[in-house]
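Enquirer:
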C-alpha cells in the first residue's frame, strides 16, 4: 500500500476479508446519541434524564473517533506505538497545511476528551471538576469542533489523488 494512502480500516482477521471502519462507527454512534439527546433536551431542558452522563458519553465517543481517525492517518507514524492525538495533529497540519481547526481549539477538544476518558479523583483535586462545564451547549460546541476536525482531515486526504477514500458524507454529521 502506498505510504500516503489512507489506512481507514482495522482488519479483524488475517486474510483481510473482514474489517470495520472503527473511527466512522464511533462518529456514527456519537451522532446517534447526539440526535437523541438533542430531541430530549428540546423537550425537557435541564431536566433531561442522565444529561451529564450523556454529554460525557457523546464527547468521549467523538474524541475516540477523532483519535482513531488521526491514528489511522498519521503522516509520520513512529515504530512501536501510536502517538497521541495532539502530536499526530501537529504532524498532520504540517503535512497537509490544514488551517480549518487551530492547534488551540484542537488541544482543548482533546483535553475535554481526556477529561471524559480519565474521569476521577486527581491529586490536585481537579479531576471531577474538569467536567463541570460540560452541559448541553458545551457538548454541542464540542460536537461541532469534532465535525470540523473530521472535515479538515477528510478534505486534506481527498486533496491527494493517491488516497482512496470511501464515500463518507462528513457534512451529513453536522449537529
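Numbering (my numbering), first residue to last: 2 to 176.
Positions of the beta carbon are idealized from the N, C-alpha and C atoms, including for glycine.
Taking the alpha carbon of residue 181 as the reference point, which residue from 56, 121 and 138 has its own alpha carbon closest?
Expert: A question about residue 181 goes unanswered here, because the residues of the chain that appear run from 2 up to 176.
Enquirer: Using the three-state DSSP reduction, which class does residue 49 fall into: helix, strand or coil?
Expert: Against the chain shown, residue 49 aligns to sequence position 48. If DSSP states are grouped into helix, strand and coil, residue 49 belongs with coil.
Enquirer: Using a 10 Å radius around the Cβ and a threshold of 16 neighbouring Cβ atoms, would you call residue 61 buried or exposed?
Expert: Numbered from its first residue, the chain shown carries residue 61 at position 60. Its Cβ being crowded by 16 or more others within 10 Å, residue 61 is buried.
Enquirer: With a threshold of 6 Å on Cβ separation, who are the neighbours of residue 42 within its own chain once the five nearest residues in sequence on each side are excluded?
Expert: The sequence position of residue 42 within the chain shown is 41, counting from 1. Correct list, in chain order: 49 and 137.
Enquirer: Let me know the secondary structure DSSP gives residue 62 once reduced to three states.
Expert: Reading the chain shown from its first residue, position 61 is the one you call residue 62. Helix at residue 62.
Enquirer: Could you check how far apart the C-beta atoms of residue 102 and residue 149 are, in whole angstroms? I think they sit under 8 Å.
Expert: Numbered from 1 along the chain shown, position 101 holds the residue referred to as residue 102. Numbered from 1 along the chain shown, position 148 holds the residue referred to as residue 149. Yes, residue 102 and residue 149 are in contact; Cβ-Cβ is about 5 Å, under 8 Å.
Enquirer: With respect to the alpha helix (DSSP H) encompassing residue 158, which residues constitute its N-terminal and C-terminal limits?
Expert: The residue given as residue 158 occupies position 157 in the chain shown. Here the alpha helix (DSSP H) through residue 158 covers 137–159.
Enquirer: For the alpha helix (DSSP H) that contains residue 95, what are its first and last residues?
Expert: One-based indexing of the chain shown puts residue 95 at position 94. Segment 86–97, the alpha helix (DSSP H) holding residue 95.
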